[in-house]
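Numbering-wise, UniProt numbering puts 113 at position 113 of the sequence shown, and it's gapless, one number per residue. Structure first, commentary second.
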Amino acid sequence: MKESVAEEPINPTVKNLQPLIASLLDSISRVQIFKGKWSLIRTKLTALETQLLEFSSVAGDVNPLSVELFHSLSATCSAAVSLAAICHSPTPPDGKLKTQNDVDSVSAKLDNHINDLEVLNKSGVFSESATVSFSATVSNVSSSSRRESVRVESRNLMTRLQIGSTESKISALDSLLELLQEDDKNVLIAVAQGIVPILVRLVDSSSSSEIKERTVAAIAKISSVDSSKHVLLAEGLVLLNNLLRVLESGSVFAKEKSCIALQALSHSKENARAIGSRGGITSLLEICQAGTPNSQAMAAGVLRNLAVFSEVKEHFMEDNAVVTLLALSNSGTALAQENSIGCLCNLISGDDDLKLFLAREGGIECVKNFWDSAPTPRNIEVVVQMVSILASSPLISEVLVENGFLNHVVGVLNCGVLGVRIAAANAVCDLAYSIHTQKELGKMGCISLLARMLDGKAIEEKEAAAKALSKLMGYTGNRRIFRKEEKGLTSAVQLLDPLVLNLDKKYPISILTLIGHSKKSRKQMMAAGACVYLQKLVEMDVNGAKKLYDSLGRGKLWGVFARH
């Protein structure tokens with residue numbers, strides 16, 4: 001004859017749980033010890049019953065999302081029934097201290113179950129699941145039903161991240177990461193559903209390193225989608241502090257993902273201050289020294305953002321950041337080198353002492369090596385900027401010229417990347433510190449390249465070219481070259497137009513004033529409309545405009561009109 005088997009179902013339901021709760025309530029009425037604690041548990045059971053009834057009305061008797069929760073709840077209530085029976089005696093066999101701890105443990109578990117049920121009931125995932133299933137059937141998985149499916153799946157995962165065991169949360173995070181990696185549109189949908197605050201609470205409250213690691217990876221993915229960054233920024237210091245803690249003590253993988261997220265958060269002065277004051281710069285520099293190649297590149301990227309703000313500069317100096325960043329710019333991956341050089345650019349800008357220190361520590365050789373080995377023209381923008389910054393120091397400018405940087409800079413004035421052309425024009429202006437170098441730059445074809453840039457689409461390109469040309473016009477031979485440029489003079493005149501906004505008029509005025517000694521050039525300027533523009537600039541009291549206007553032979557006529 002077979003032994004009778006307990007009839008507890010494989011998946012407990014609300015109906016199965018109700019008799020168990022009733023049995024527990026009956027047993028609690030007969031306890032002899034810890035009556036206050038058991039009275040509190042009785043109150044929690046009442047709240048639990050209310051949540052179960054609400055769940056049953058919304059989701060039916062059982063739902064896949066509730067299976068693990070109901071198993072855990074059934075186990076807690078069964079254990080509580082046995083424990084209550086032990087407390088029927090004033091002298092429990094295991095002693096009062098252990099029994100008290102067990103009662104407290106049951107009480108805490110009930111809190112978790114009530115919270116999990118509340119999350120389930122408020123999530124709305126049950127009715128949504130049915131809706132999306134019907135929608136997918138009717139529309140044969142159209143684009144809109146796919147979006148709806150992702151939306152419901154996001155809410156489903158959000159619910160799973162707030163309930164259940166560590167293992168179930170890890171499983172939910174794995175599913176979430178898969179969903180986010182699939183398509184950036186999925187990221188936008190999940191963010192719109194409210195995934196970010198849940199992830200932030202999870203990384204803030206969880207003690208599991210696996211949960212933290214996966215949560216930071218999800219946050220990093222969200223940070224890589226530009227239109228979602230503002231949602232992360234809204235989480236403020238709670239998110240920032242948790243990411244910084246990961247930098248200090250997280251796994252290699254988690255540190256890398258934390259750096260990715262911090263790149264999106266390190267563009268504001270307030271966050272930069274917070275990162276600096278909490279030791280974040282120290283942690284990032286340590287990663288630059290001893291991290292994986294990819295994490296070094298990401299950490300240098302965060303530092304590059306931070307170095308923009310003078311408020312945190314002292315933290316860089318305290319950690320001897322220049323030496324660390326120089327080492328990385330000589331040995332890291334292409335991205336790590338680019339980011340470290342970019343960080344150094346931001347650090348030394350406006351600080352002549354730091355420029356000289358960088359040059360003495362091998363900075364010029366480092367820049368040249370990276371320039372020669374850069375994988376694409378876009379990558380050299382940062383080193384061209386570095387040359388321009390270093391060249392603003394006369395002592396270093398001479399060394400740069402001696403090291404062949406004139407050829408390097410002129411060689412990229414016609415680069416297809418706008419940022420590189422602008423940086424190169426600025427570098428030309430700083431390197432043209434003497435008549436000799438101005439002459440050399442003219443021989444290299446610099447004038448023609450800059451003249452073409454005057455006709456560029458971007459105001460920044462026009463101004464950079466005009467600024468460089470105004471410097472190069474200091475050498476007489478360069479003026480002759482510029483006059484021969486078919487559109488150079490006309491383009492310079494067009495920059496005088498007051499409707500060309502955000503361009504410093506002193507640069508085109510300087511160019512035209514220097515070449516205006518030629519009668520032929522003056523005629524060309526007048527034919528190009530210089531007098532009309534200059535008259536308006538004189539009225540606006542723009543420096544140098546009246547002198548140039550007078551030199552064109554129209555000053556007396558303008559004076560007559562001005563008096564009437």
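Glycine included, each C-beta is placed from N, C-alpha and C at the ideal position.
So is residue i buried or exposed if we call it buried at 16+ other beta carbons inside 10 Å?
i    : result
V532 : exposed
G350 : exposed
G363 : buried
R160 : buried
D226 : exposed
S392 : buried
L501 : exposed
D372 : exposed
V252 : exposed
T324 : buried
P394 : exposed
A22  : exposed
V238 : exposed
T76  : buried
D94  : exposed
Residue range of the alpha helix (DSSP H) that residue i falls in?
i           : result
H408        : F405 to V410
D430        : L418 to L431
M473        : No alpha helix (DSSP H) holds M473; DSSP gives it neither H nor E.
residue 636 : Here the chain comprises residues numbered 1 to 564, so residue 636 is not present and cannot be evaluated.
M525        : K519 to A527
P19         : V14 to I28
L496        : Here L496 belongs to no alpha helix (DSSP H), and DSSP marks it neither H nor E.
N241        : G236 to S249
L441        : I435 to K443
E402        : P394 to E402
residue 599 : There is no way to answer for residue 599, as the model of the chain reaches only from 1 to 564.
G280        : G280 to A290
V382        : E381 to A391
I515        : K506 to I515
If you reduce the DSSP assignment to three classes, tell me which class residue i lands in.
i           : result
Y549        : helix
Q162        : coil
residue 613 : Residue 613 cannot be examined here, being either before or after the span of the chain that is shown, 1 to 564.
Q337        : helix
D94         : coil
S133        : Caution applies to S133, whose pLDDT of 41 falls short of 50 and renders its modelled position unreliable; the value that the coordinates give is listed next. Helix at S133.
D319        : coil
T46         : helix
C415        : coil
A465        : helix
T376        : coil
L454        : coil
Q535        : helix
E540        : Strictly speaking, residue 540 in this sequence is Met, with Glu absent from that position. DSSP places M540 in coil when its eight states are reduced to three.
N101        : helix
Looking only at its chain, what residues have a beta carbon closer than 8 Å to the beta carbon of residue i, apart from the 5 residues adjacent to it on each side?
i    : result
L503 : I459, K462, E463, A466 and L495
C87  : V31, Q32, I33, F34, W38, T99 and V103
S171 : R160
M453 : L413, R421, A425, E461, K462, A464 and A465
P377 : V412, C415, G416, V417 and V420
D116 : L69, Q162, I163 and G164
N407 : M444
Starting from the C-beta of residue i, find all residues in its chain whose C-beta is less than 7 Å away, skip the five residues before and the five after it, and write them out in chain order.
i    : result
D455 : K487 and S491
S266 : A272, I275, V302, N305 and L306
L25  : R42 and L45
V382 : E338, I341, G342 and C345
S175 : L157
K368 : N403
D204 : V238 and N242
What residues in its chain sit with their C-beta under 6 Å from that of residue i, if we drop five residues either side in the sequence?
i    : result
A47  : I114
D352 : S393
L244 : R278 and G280
L489 : Q524
N221 : The identity of residue 221 in the sequence shown is Lys, whereas the question assumes Asn. Same-chain partners within the cutoff: L180.
Say whether chain B places a C-beta atom closer than 9 Å to the C-beta of residue i.
i   : result
V67 : Of the chains in the structure shown, none is chain B; there is only one protein chain.
How big is the Cα-Cα spacing for residue i and residue j?
i    : j    : result
L418 : V428 : 15 Å
L233 : V312 : 19 Å
E148 : K257 : 29 Å
E485 : L335 : 39 Å
L219 : E210 : Looking at the sequence itself, residue 219 is Ile, so the reference to Leu does not match. The straight-line gap from Cα to Cα measures roughly 14 Å.
A290 : Q296 : 8 Å
S434 : K536 : 34 Å
T166 : L199 : 14 Å
K109 : K229 : 36 Å
G477 : G442 : 8 Å
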